[in-house]
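Quick note on the numbering used here: the sequence shown kicks off at 112 and runs consecutively. Note that the Cβ used here is the ideal one computed from N, Cα and C, for glycine as well. All values derive from a computational prediction rather than experimental measurement. Worksheet for the structure shown next.
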Amino acid sequence: MAGENTHHQPPPVTLQDAIAEIGRLQTKMASVERGKTDKEIGNEEDEIIDSQPLAQALWDVRVPENFKTPHLPVFDGKSDPSEHLMAVGTQTAIIGAA
Numbered sequence: 112m113a114g115e116n117t118h119h120q121p122p123p124v125t126l127q128d129a130i131a132e133i134g135r136l137q138t139k140m141a142s143v144e145r146g147k148t149d150k151e152i153g154n155e156e157d158e159i160i161d162s163q164p165l166a167q168a169l170w171d172v173r174v175p176e177n178f179k180t181p182h183l184p185v186f187d188g189k190s191d192p193s194e195h196l197m198a199v200g201t202q203t204a205i206i207g208a209a
């Protein structure tokens with residue numbers, strides 16, 4: 112039929128309904144943001160665990176009684192941790208422990 116509107120229009124929204132919907136959406140957004148933050152923290156912890164210089168199998172092995180501990184650089188907290196790990200990795204490679 113000519114001129115007839117076939118689109119269904121939603122019922123009119125009251126100001127109270129709009130405010131309630133905004134509040135619901137804000138709560139949902141806050142929940143999503145908390146979830147993202149929790150996930151990011153979990154990922155950071157996983158990265159820290161994954162970046163440990165020694166595999167668990169090495170921690171589980173018994174050290175021979177005649178083992179002499181090599182001199183390795185000490186991390187003082189003032190330098191870049193990545194550089195420290197590289198230095199330790201280099202030293203362990205030099206002594207054949209890597």
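DSSP three-state assignment for residue i, whether helix, strand or coil
i: V174; result: coil
i: P192; result: helix
i: I206; result: coil
i: T180; result: coil
i: V199; result: helix
i: Q167; result: helix
i: Q120; result: coil
i: T148; result: helix
i: V185; result: coil
i: T125; result: coil
Own chain residues within Cβ distance below 8 Å of residue i, not counting five before or after
i: A141; result: none
i: V195; result: In the sequence as displayed, the identity of residue 195 is His instead of Val. These residues qualify, in order along the chain: P184 and F186.
Residues near residue i by beta carbon distance below 7 Å, same chain, minus five either side
i: K139; result: none
i: I206; result: P181
Proximal residues to residue i (C-beta, below 6 Å), its chain only, five neighbours per side dropped
i: P192; result: none
Cβ contact check for the stretch 198-209 and the stretch 176-187: 3 or more pairs under 8 Å: Yes: at least three Cβ pairs fall under 8 Å.
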